[in-house]
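Encoded as structure tokens, the structure appears first; notes follow it.
In the working numbering, the protein residues as written are 29 to 771.
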């Protein structure tokens with residue numbers, strides 16, 4: 029490519045950065061002006077100012093996240109009137125002072141040809157140019173020509189796949205990079221598919237499922253901003269390591285309004301990465317647990333078997349079981365959750381008791397008017413005997429206490445599970461003080477759904493809140509007119525800021541703290557690992573059933589994971605659409621071939637994919653009698669090749685042997701679990717490695733992974749397909765079936 033063309037692109041991209049810097053400065057000045065403004069003494073005025081400040085803070089944050097690779101492509105068209113012949117494609121859209129487009133956001137329809145155009149179907153484009161950069165500088169240009177008139181007989185230097193191959197062979201950093209500059213046609217079609225319904229994206233290792241899911245989230249947030257800005261997008265990953273790996277992708281694409289959560293973080297107030305044993309996790313993940321929890325809640329609503337004598341300020345009141353039964357019936361008829369229906373139970377019971385008490389007092393010669401009912405109810409409400417009787421019949425509960433009692437009270441569990449074996453019940457037994465596990469999270473959520481909140485807002489408070497909401501929207505409309513920011517924010521969004529002032533938080537912060545929050549869209553990665561109970565939880569998070577579900581059934585290693593998409597989804601949704609990714613961009617062919625051979629030999633139903641490249645290194649098998657020292661030597665040898673990232677993957681039982689040896693040799697350069705993702709050497713289990721990628725992977729004792737982990741062959745398949753360059757297998761014994769000696 030001529031130096032003049034390179035200089036031309038550098039000059040144009042320089043103007044884009046100048047515009048970006050100007051917009052950053054402008055947004056910062058607007059933010060400072062709002063912060064300096066005197067809003068007056070009312071709560072409403074202060075809330076209005078804080079809401080506008082938040083808008084500008086979000087804009088400043090967005091613009092600061094965008095810098096490197098601001099523009100990565102250009103489309104050339106035939107000139108048409110005032111329309112420019114060139115369209116530059118980038119991470120965000122930019123306009124000049126006259127509002128003319130300088131850079132198209134990659135998500136707009138006009139940018140579609142950058143990803144979809146081919147020589148056979150150019151979509152109006154004459155050529156596509158890839159801009160490769162370092163920092164803010166353009167260092168290389170690669171062109172794909174669709175219109176032969178542009179060739180002028182010279183085809184030298186035209187390499188359309190250069191950008192993709194450069195990205196594939198680049199060293200990994202321990203953090204996922206976006207693929208916005210190298211999205212391929214089959215990926216782009218999935219990213220831009222419609223919002224509604226359930227989309228399942230099936231693909232083998234290295235096909236870009238995670239990247240597609242994240243870019244789809246960014247695309248939907250851009251294309252459906254009005255709907256999703258207030259409800260938010262939830263992205264669920266399999267582990268903290270995975271979330272740490274992907275957390276920078278969406279901000280780099282200009283999107284920060286998402287909630288990232290592992291399955292162990294989906295219940296507010298609980299953040300766990302503890303895993304149960306496989307058989308325990310399988311039981312807790314089964315739909316049978318939903319029925320058990322429902323029985324447990326109902327069992328806390330107890331009609332006494334005999335009459336009770338209650339002391340009410342010295343008056344002894346005999347209460348028959350039928351009175352409690354009738355109050356419960358009224359509560360059940362509301363069909364409300366346990367804690368919410370309890371309000372009806374208490375109110376009904378107190379009214380009945382007040383009438384009984386009035387009749388008893390009259391029988392003793394006292395004069396009781398109807399107006400006296402209020403103080404009679406108050407006497408009853410403050411009576412310790414009445415409190416005990418009503419709480420014994422219908423006790424307020426928290427999800428945490430219900431689950432702890434279920435596990436720690438074997439007699440109660442036995443009464444709820446007459447059809448279970450003692451061995452099944454023993455799987456749930458544990459101390460009340462034991463920490464909650466990942467498998468407990470959906471059970472807590474199930475309990476919370478059946479229990480409801482203990483505090484219920486009165487009807488009068490609800491009416492007042494509705495009227496206040498109406499006033500807030502009217503005030504917001506006036507504020508938008510006064511500050512001349514129409515189009516920047518809508519009245520409803522600004523009114524949200526009025527409601528709770530500066531403490532309100534962002535949509536993402538509110539959603540993460542609210543179990544009942546209904547997200548506008550949910551993205552689930554490594555979805556094949558989810559249990560039926562975890563699916564129930566996620567379906568509650570999105571009543572509209574708008575999901576992007578990505579995974580590979582063949583990689584399912586969780587004991588309660590899915591064996592088919594139909595089996596996972598049919599209990600929850602009527603229909604879904606399936607897209608498949610068939611090209612392996614990450615794993616070199618010689619590695620993917622041996623991994624697939626192993627999986628097939630163990631009966632794992634894999635999705636075959638086509639690797640786009642080979643690396644120069646064959647799969648390396650190290651046979652040894654000294655495991656720890658050989659792992660250290662293998663890592664040291666690999667580090668002599670280049671400074672890429674290395675993952676050492678072993679079953680849980682081997683980590684106490686392997687990790688200390690690596691830490692002793694390499695010190696702080698080696699890290700365990702999520703910490704290792706920021707180090708040169710990450711030591712992980714196969715479960716922790718899901719969804720991640722590294723330049724090199726060292727798999728320790730492959731046969732131990734097959735033997736010790738539920739669905740062990742699938743777990744080994746995951747481990748073997750993490751590298752982008754080199755794979756080492758270190759073993760003291762035989763290799764699993766299907767792995768032939770590569771030397």
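Here a beta-carbon is modelled for each residue, glycine too, at the ideal position from N, C-alpha and C.
Best match in 342, 366, 615 for proximity to residue 389 [C-alpha to C-alpha]: Here residue 389 corresponds to residue number 361 of the chain shown, with the count starting at 1. Ranked by Cα distance from residue 389, the first of 342, 366, 615 is 342.
Distance CB(residue 639)-CB(residue 745) smaller than 8 Å: Against the chain shown, residue 639 aligns to sequence position 611. Against the chain shown, residue 745 aligns to sequence position 717. Their beta carbons are not under 8 Å apart, which means residue 639 does not touch residue 745 by this criterion.
Inside the stretch 213-246 only - beta strand (DSSP E) runs reaching at least 3 residues: Scanning the stretch 213-246 for uninterrupted beta strand (DSSP E) segments of 3 residues or longer gives 226-231, listed from N- to C-terminal end.
Sheet register partners of residue 726 (DSSP bridge): Here residue 726 corresponds to residue number 698 of the chain shown, with the count starting at 1. Residue 726 is bridged to 676, 756.
Closer than 8 Å to chain D by CB, residue 50: No chain D appears in this structure, which consists of one protein chain only.
Span of the alpha helix (DSSP H) around residue 564: For this step, residue 564 is matched to residue 536 along the chain shown. Here the alpha helix (DSSP H) through residue 564 covers 560-569.
Cut-off 6 Å between Cβ atoms - residues of its own chain near residue 645, not counting five sequence neighbours on either side: For the purposes of this step, residue 645 is taken as residue 617 along the chain shown, with counting starting at 1. Leaving aside the five residues that flank residue 645 on each side, the residues in its chain whose CB is nearer than 6 Å to its CB run, in chain order, 754.
Sub-8 Å separation of residue 156 and residue 172 beta-carbons: As a first step, residue 156 is located in the chain shown; it is residue number 128 there, counting from the start. As a first step, residue 172 is located in the chain shown; it is residue number 144 there, counting from the start. Going by C-beta atoms, residue 156 is nearer than 8 Å to residue 172.
Straight-line gap, residue 161 to residue 38 (C-alpha atoms, nearest Å): In the chain shown, counting from the first residue as 1, residue 161 sits at position 133. In the chain shown, counting from the first residue as 1, residue 38 sits at position 10. Each residue's Cα considered, the two are about 10 Å apart.
Cβ-based burial, residue 500 [other Cβ within 10 Å; buried from 16]: Indexing the chain shown from 1 puts residue 500 at position 472. Counting the other CB atoms within 10 Å of its CB gives residue 500 a total of 16 or more, which places it among the buried residues.
Cβ pair residue 539, residue 152 closer than 8 Å: The count along the chain shown starts at 1 and reaches residue 539 at position 511. The count along the chain shown starts at 1 and reaches residue 152 at position 124. Against a cut-off of 8 Å, the Cβ pair of residue 152 and residue 539 comes out as no contact.
Closest residue to residue 358 among 286, 253, 380, 687 (Cα-Cα distance): Here residue 358 is taken as the residue at index 330 of the chain shown, counted from 1. For residue 358, the nearest C-alpha among the options comes from 380.
The stretch 272-279 / the stretch 309-318 touching (three or more Cβ pairs under 8 Å): The answer is no - the stretch 309-318 does not touch the stretch 272-279, with fewer than three Cβ pairs under 8 Å.
Per-residue DSSP class, three states only, for residue 346: Within the chain shown, residue 346 is the residue found at index 318, counting from 1. Residue 346 falls in the strand class under three-state DSSP.
Buried versus exposed, by CB contacts within 10 Å (16 or more), residue 123: The count along the chain shown starts at 1 and reaches residue 123 at position 95. Answer is exposed; the Cβ neighbour count stays below 16.
Span separating the alpha-carbon of residue 283 from that of residue 556: The sequence position of residue 283 within the chain shown is 255, counting from 1. The sequence position of residue 556 within the chain shown is 528, counting from 1. C-alpha separation (whole angstroms): 26 Å.
Residue 576 in three-state terms, based on DSSP: Walking along the chain shown from the start, residue 576 turns up at place 548. In the three-state scheme derived from DSSP, where H, G and I count as helix and E and B as strand, residue 576 is classed as strand.
Rounded separation between residue 323 and residue 444 - CA only: Within the chain shown, residue 323 is the residue found at index 295, counting from 1. Within the chain shown, residue 444 is the residue found at index 416, counting from 1. Each residue's Cα considered, the two are about 7 Å apart.
Secondary structure of residue 528, DSSP reduced to three states: Here residue 528 refers to the residue found at position 500 of the chain shown. With a pLDDT of 43 at residue 528, under the threshold of 50, the modelled position of that residue is not reliable, and the figure given next carries that caveat. It is helical.
Supposed contact pair residue 417 and residue 368 - C-beta distance, whole angstroms, cut 8 Å: Within the chain shown, the letter at position 340 stands for residue 368. Within the chain shown, the letter at position 389 stands for residue 417. For a cut-off of 8 Å, the C-beta gap from residue 368 to residue 417 is around 21 Å, too long to register as a contact.
Given residue 398 as reference, the closest of 408, 387, 392, 391 once Cα atoms are compared: As a working mapping, residue 398 is identified with position 370 in the chain shown. Residue 398 has its Cα closest to that of 387, out of 408, 387, 392, 391.
Distance between residue 725 and residue 765 (C-alpha atoms, nearest Å): Here residue 765 is taken as the residue at index 737 of the chain shown, counted from 1. Here residue 725 is taken as the residue at index 697 of the chain shown, counted from 1. Put simply, the backbone Cα of residue 765 is about 20 Å away from that of residue 725.
Top-ranked residue by Cα proximity to residue 285, from 83, 612, 239: Here residue 285 refers to the residue found at position 257 when the chain shown is read from its first residue. A check of alpha carbon separations from residue 285 across 83, 612, 239 identifies 83 as the nearest.
Unbroken alpha helix (DSSP H) run spanning residue 252, endpoints: Sequence index remark: in the chain shown, residue 252 carries index 224 (1-based). Per DSSP, residue 252 belongs to no alpha helix (DSSP H) and is neither H nor E.
Segment contact, 8 Å Cβ cut-off, at least three pairs: the stretch 671-687 with the stretch 697-711: Contact between the stretch 671-687 and the stretch 697-711 is present, because at least three Cβ pairs lie under 8 Å.
Neighbourhood of residue 721 by C-beta distance below 7 Å, restricted to the same chain and skipping five residues each side: Here the question's residue 721 lines up with position 693 in the chain shown. Excluding five sequence positions before and after residue 721, the CB atoms of its chain that fall closer than 7 Å to its own CB belong to 200, 614, 750, 752, given in chain order.
Same chain, Cβ closer than 8 Å to residue 44, five either side skipped, listed in chain order: In the chain shown, counting from the first residue as 1, residue 44 sits at position 16. Same-chain partners within the cutoff: 98, 99, 116, 118, 122, 130, 131.
Exposure of residue 560, with buried meaning 16 or more beta-carbon neighbours within 10 Å: Here the question's residue 560 lines up with position 532 in the chain shown. Per the 10 Å Cβ criterion, buried.
Cross-strand partners of residue 773 (DSSP beta bridge): The structure shown does not extend to residue 773, since the chain is modelled only from 29 through 771, so no value can be given for it.
Spatial neighbours of residue 570 in its chain, beta-carbon cut-off 6 Å, leaving aside the 5 residues before and after: Locating residue 570 in the chain shown gives position 542, counting from the first residue. Excluding the 5 residues flanking it on each side, residue 570 has same chain C-beta neighbours closer than 6 Å at 547, 550, in chain order.
Residue 464 - containing beta strand (DSSP E), residue span: One-based indexing of the chain shown puts residue 464 at position 436. Counting along the chain, residue 464 falls outside any beta strand (DSSP E), and DSSP gives it neither H nor E.
Nearest-angstrom beta carbon gap, residue 262 and residue 221 [assumed within contact, 8 Å]: The residue given as residue 221 occupies position 193 in the chain shown. The residue given as residue 262 occupies position 234 in the chain shown. Not quite, the Cβ-Cβ distance comes to about 19 Å (not below 8 Å), so this is no contact.
Residue 422 - DSSP class collapsed to helix/strand/coil: Your numbering for residue 422 matches position 394 in the chain shown. Three-state result, residue 422: strand.
Residue 125 - DSSP class collapsed to helix/strand/coil: Counting from 1 along the chain shown, the entry for residue 125 is found at position 97. The three-state secondary structure of residue 125, taken from DSSP, is coil.
Buried/exposed call for residue 134, threshold 16 Cβ in 10 Å: Here the question's residue 134 lines up with position 106 in the chain shown. Burial is judged here by how many other beta carbons sit within 10 angstroms of a residue's own beta carbon; residue 134 has at least 16 and is buried.
Buried/exposed call for residue 181, threshold 16 Cβ in 10 Å: To locate residue 181, count along the chain shown from 1; it is residue 153. With a pLDDT of 47 at residue 181, under the threshold of 50, the predicted position of this residue should be treated as unreliable, though the coordinate-derived value follows. Exposed, because fewer than 16 other Cβ atoms sit within 10 Å of the Cβ of residue 181.
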